[in-house]
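Engineer: Can you keep this structure in mind? I'll have questions shortly.
In the numbering used here, the protein residues as written are 217 to 414.
Right, dumping it as structure tokens:
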């Protein structure tokens, strides 16, 4: 079987409020204002597909949110999203590989974040056979093409794959291809699934 794991809030806890907190400190824009004005808009999606640079993305977000930040200040906030690893999921991934299954990560992410988390959490690469990142693939979840590309690359059919993601739209995108898809709603979802299915 092929097991596909999302990164944020599946393998690693993330929190956008931490990002806003750093940006608020640097920009002196009230936190509540930033929380209201942050949207995952066009620039966000283009950045995750690798279509614009980190600097272009930072400039667009600062403009949208009315923040005057240097690129370094923007980056410091952007990296603050990561809270910590979910060791119980890493343990599941390692166990699946020991049993001969293929284990991969599929993440909507961006170059700025890849400067941080691989070094901060080396356990992720150690627990996965391969890591698929949206900005390297030029496509992002929930677009059906990204799941098709992953299946083709891995040599598995949809009915041989199980996918875990914390975003309902991403789950629906994978389900359109017939991939068994599990919505991760908390830290117990993945261990709970395998308690019944291993």
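C-beta atoms are modelled at their ideal positions from N, C-alpha and C, and glycine is treated no differently.
Rounded to whole angstroms, what's the CA-CA distance from residue 343 to residue 261? Just pull it up for me.
Structural biologist: So the alpha carbons of these two residues sit roughly 27 Å apart.
Engineer: Is there at least one Cβ from chain C nearer than 8 Å to residue 382's Cβ?
Structural biologist: Note that chain C does not occur in the displayed structure, where there is just one protein chain.
Engineer: If we call anything under 8 Å between Cβ atoms a contact, is residue 395 one with residue 410?
Structural biologist: No.
Engineer: Decide if residue 255 is buried, meaning its Cβ has at least 16 other Cβ atoms within 10 Å, or exposed.
Structural biologist: Exposed, by the Cβ-count rule.
Engineer: At the level of alpha carbons, what is the spacing between residue 322 and residue 242?
Structural biologist: Their backbone Cα atoms lie some 32 Å apart in a straight line.
Engineer: Who does residue 318 pair with in a DSSP beta bridge?
Structural biologist: 218.
Engineer: Helix or strand or just coil, what does DSSP make of residue 337?
Structural biologist: Here residue 337 sits in coil by DSSP.
Engineer: Give the DSSP-derived three-state secondary structure of residue 347 in the structure shown.
Structural biologist: Residue 347: strand per DSSP, three-state reduction.
Engineer: What number of angstroms, rounded off, separates the C-alpha of residue 338 from the C-alpha of residue 332?
Structural biologist: The straight-line gap from Cα to Cα measures roughly 10 Å.
Engineer: For residue 377 versus residue 399, is the C-beta spacing smaller than 8 Å?
Structural biologist: Going by C-beta atoms, residue 377 is not nearer than 8 Å to residue 399.
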